Amino acid sequence: MKEMEQERYGVMEKARAVLSVWTERKKASVACRELSISSSLLWQWQDRALSGMLEALEPRGREGREGPALAQQMKRLLDRKIMARELESVGRVPRKPRAQVTAPTSSTTT
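For the sequence shown, the working numbering assigns the number 8 to the initial residue and increments by one for each residue that follows.
As structure tokens, this is what we get:
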């Protein structure tokens, strides 16, 4: 039964679901509802997609050179961004307000 559940959605359906959430075209809850999947399964797909992307972008044939330092820095940046978006999506961290330009108040002193 578990094998049948794993093969229910192909690579393209999974990629569309993940990309629709990443591009903010759909909320995660909407994507999950449309596919009749749990939010934890969608998060697993997103994690696998990000891991695959990082692996695909890793420099090849450069063992022993300075490449891994950049990869670790990018991984940290991506991890921070993902964590911020996850917290934002559950409402734990409010979005940073944009800087507002306010007109100076006029006060008359005599």
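Each residue gets a CB set at the ideal place from its N, CA and C atoms; glycine is no exception.
Note that the structure is a prediction, hence the values are computed from the model and not measured.
Residue range of the alpha helix (DSSP H) that residue i falls in?
i: Arg-40; result: 35 to 42
i: Arg-55; result: 46 to 64
i: Arg-32; result: No alpha helix (DSSP H) contains Arg-32, which DSSP labels as neither H nor E.
According to the Cβ coordinates, are residue i and residue j closer than 8 Å?
i: Ala-22; j: Leu-49; result: no
If residue i and residue j are in contact, beta carbons under 8 Å, what's the gap, nearest whole angstrom?
i: Leu-57; j: Tyr-16; result: Wrong, their Cβ atoms sit about 18 Å apart, outside the cutoff.
Alpha carbon to alpha carbon, how far is residue j from residue i? Give it in angstroms, no decimals.
i: Arg-32; j: Arg-87; result: 22 Å
i: Met-8; j: Ile-44; result: Annotation note: pLDDT 43 at Met-8 (below 50); position unreliable, no value reported.
i: Arg-40; j: Val-18; result: 18 Å
i: Glu-20; j: Ala-38; result: 11 Å
i: Ser-46; j: Leu-85; result: 21 Å
Closer than 7 Å to a non-hydrogen atom of the ligand PLP - does that hold for the CB of residue i?
i: Ala-35; result: Because no ligand of any kind appears in the structure shown, any question about the ligand PLP cannot be addressed here.
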